[in-house]
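Peer 1:
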Amino acid sequence: MFKEAVPILGVSSSEAAEVFYCGKLGFRRMYAWRPHPDKLDPCYMGVVRDAAHVVISSFPGDGPPGARTVQIYVEAAAAVYAEYGQAGIAVGELWDQSWGNIEFSFEDPDGNSLCIAQDKNG
């Protein structure tokens, strides 16, 4: 039985990614595993905000930076849009999509694409 799917986003710097995801997007670090405690990278880090869990990894085997897209569903896309705009994130336009979503997209510092979406029907 399926339980949860967690995207893994490749990043070039775990430190810069943590500043962006935790400092600007409002996630918090759940864990960070580094095989060499004296080095920041490579790192496998889990971040969470409410029920949204994302892994950011600077391990080469987890994919190159900027190669992933993740869609995160929220209850109020317009509120998150305003929050991220105030945080200085270059968010795209807020779209009322014909398939029933309200959504906007932006990129993290490594070029991974994030789409924040709200299901208008649920």
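The working numbering runs 168 ahead of the 1-based position in the sequence shown. Beta carbons: idealized from backbone N, C-alpha and C, even for Gly.
(1) Find out if the Cβ-Cβ distance for the pair residue 240, residue 222 is shorter than 9 angstroms.
(2) Please report the distance separating the alpha-carbon of residue 262 from that of residue 207.
(3) Kindly indicate the opening and closing residues of the alpha helix (DSSP H) around residue 248.
(4) How long is the line joining the alpha carbons of residue 202 and residue 256, rounded to whole angstroms?
(5) Where do the ends of the beta strand (DSSP E) carrying residue 285 lie?
(6) Below 8 angstroms on the Cβ atoms is my guess for residue 176 versus residue 225; work out the distance and round it to an integer in Å.
(7) At which residue ranges does the region 177-217 contain complete alpha helix (DSSP H) runs of 4 or more residues, listed in the order of the chain?
(8) Got a sec? Which residues, its chain only, sit under 6 angstroms from residue 280 by beta carbon, not counting five neighbours each side?
(9) Please state whether DSSP places residue 230 in a helix, a strand or coil.
(10) With the cut-off set at 9 angstroms, would you say residue 286 and residue 275 are in Cβ contact?
(11) Do residue 220 and residue 195 have their C-beta atoms closer together than 9 angstroms?
(12) Using DSSP with H/G/I as helix, E/B as strand and the rest coil, what is residue 225?
Peer 2: Quick look at the numbers:
(1) In the sequence shown, the residue the question calls residue 240 occupies position 72. In the sequence shown, the residue the question calls residue 222 occupies position 54. Yes, the Cβ-Cβ distance between residue 240 and residue 222 is below 9 angstroms.
(2) Counted from its first residue, the sequence shown places residue 262 at position 94. Counted from its first residue, the sequence shown places residue 207 at position 39. Rounded to whole angstroms, residue 262 to residue 207 spans 39 angstroms at the Cα level.
(3) Within the sequence shown, numbered from 1, the residue matching residue 248 stands at position 80. Per DSSP, residue 248 belongs to the alpha helix (DSSP H) from 245-254.
(4) Here residue 202 corresponds to residue number 34 of the sequence shown, with the count starting at 1. Here residue 256 corresponds to residue number 88 of the sequence shown, with the count starting at 1. Taking the straight line joining both Cα atoms gives about 30 angstroms.
(5) Locating residue 285 in the sequence shown gives position 117, where the first residue counts as 1. Residues 281-287.
(6) Residue mapping note: residue 176 aligns to position 8 of the sequence shown, counting from 1. Residue mapping note: residue 225 aligns to position 57 of the sequence shown, counting from 1. Correct: roughly 6 angstroms between the Cβ atoms.
(7) 182-186
(8) Here residue 280 is taken as the residue at index 112 of the sequence shown, counted from 1. Answer for residue 280: 177, 234 and 236, listed in chain order.
(9) Taking the sequence shown and counting its residues from 1, the one referred to as residue 230 is at position 62. Three-state DSSP puts residue 230 in a helix.
(10) Start at 1 with the first residue of the sequence shown, and residue 286 comes out as number 118. Start at 1 with the first residue of the sequence shown, and residue 275 comes out as number 107. Not closer than 9 angstroms, so no.
(11) Taking the sequence shown and counting its residues from 1, one reaches residue 220 at position 52. Taking the sequence shown and counting its residues from 1, one reaches residue 195 at position 27. A contact, by the Cβ cut-off of 9 angstroms.
(12) Numbered from 1 along the sequence shown, position 57 holds the residue referred to as residue 225. Of the three classes helix, strand and coil, the one that applies to residue 225 here is strand, per DSSP.
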